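Report on one structure; see the data block that follows.
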Amino acid sequence: MSLKHLTPDELHPLLNDPSVLLIDIRNDHELVSGILPGALHVPLGNLATAFDQLPQDKKLVFYCRSGVRSVSAGEFALAQGCADVSHLAGGILAWAGAGLPIKPA
7 MSLKHLTPDE LHPLLNDPSV LLIDIRNDHE LVSGILPGAL HVPLGNLATA
57 FDQLPQDKKL VFYCRSGVRS VSAGEFALAQ GCADVSHLAG GILAWAGAGL
107 PIKPA
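First residue of the sequence shown? That's 7 in the working numbering, and the numbers climb one at a time after it.
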C-alpha cells in the first residue's frame, strides 16, 4: 500500500463521493483562509488520538496548506492499516490556485 497523490482536479469530483472522507489537518489558526467543502478538521497534532474515531470504512484524503503535512498524515493512516489513503498534492494552495471552491471555516 502506498500513499496516492491527488491533484486538485482529481480530488474535486470526489467531494460528493460518500465513500470519501476529506480531512483538513491544518492547525486551528490556519482555518481563517477557509476549508474545502465537506472536510472534517483534525489538526495533525491531534490525529493520533482522534484516529480511532474516524470512520474505518471510508477512503481517507488528507490535505494541509502546501501538501507536506498531509503526506505525514497519510503515511500515519497507512501505518494504522488503512488501505485507501490519499493526499492533496500542493495542499489548499494548489486547490485555490486551480480556482476551486473554498468555504469559510
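Just so you know, even glycine gets a beta-carbon here, dropped at the ideal spot from N, CA and C. The structure presented is a predicted model; accordingly, all values stated were derived computationally and were not measured.
Residues near residue 99 by beta carbon distance below 7 Å, same chain, minus five either side
71 and 72
The alpha helix (DSSP H) spanning residue 15 covers which residue range?
14 to 17
Comparing alpha-carbon positions, which option in 74, 66 and 84 lies nearest residue 29?
66
Is it true that the CB of residue 31 sits closer than 8 Å to the CB of residue 79?
yes
Checking 8 Å against the spacing of the C-beta atoms, do residue 11 and residue 95 come in under that value?
yes
When the Cα of residue 85 is compared with those of 108, 54 and 63, which residue comes out closest?
54
Indicate the three-state DSSP secondary structure (helix, strand or coil) for residue 58 in the structure shown.
helix
Can you find the residues in the same chain that come closer than 7 Å, C-beta to C-beta, to residue 57, ignoring five residues on each side of it along the sequence?
86
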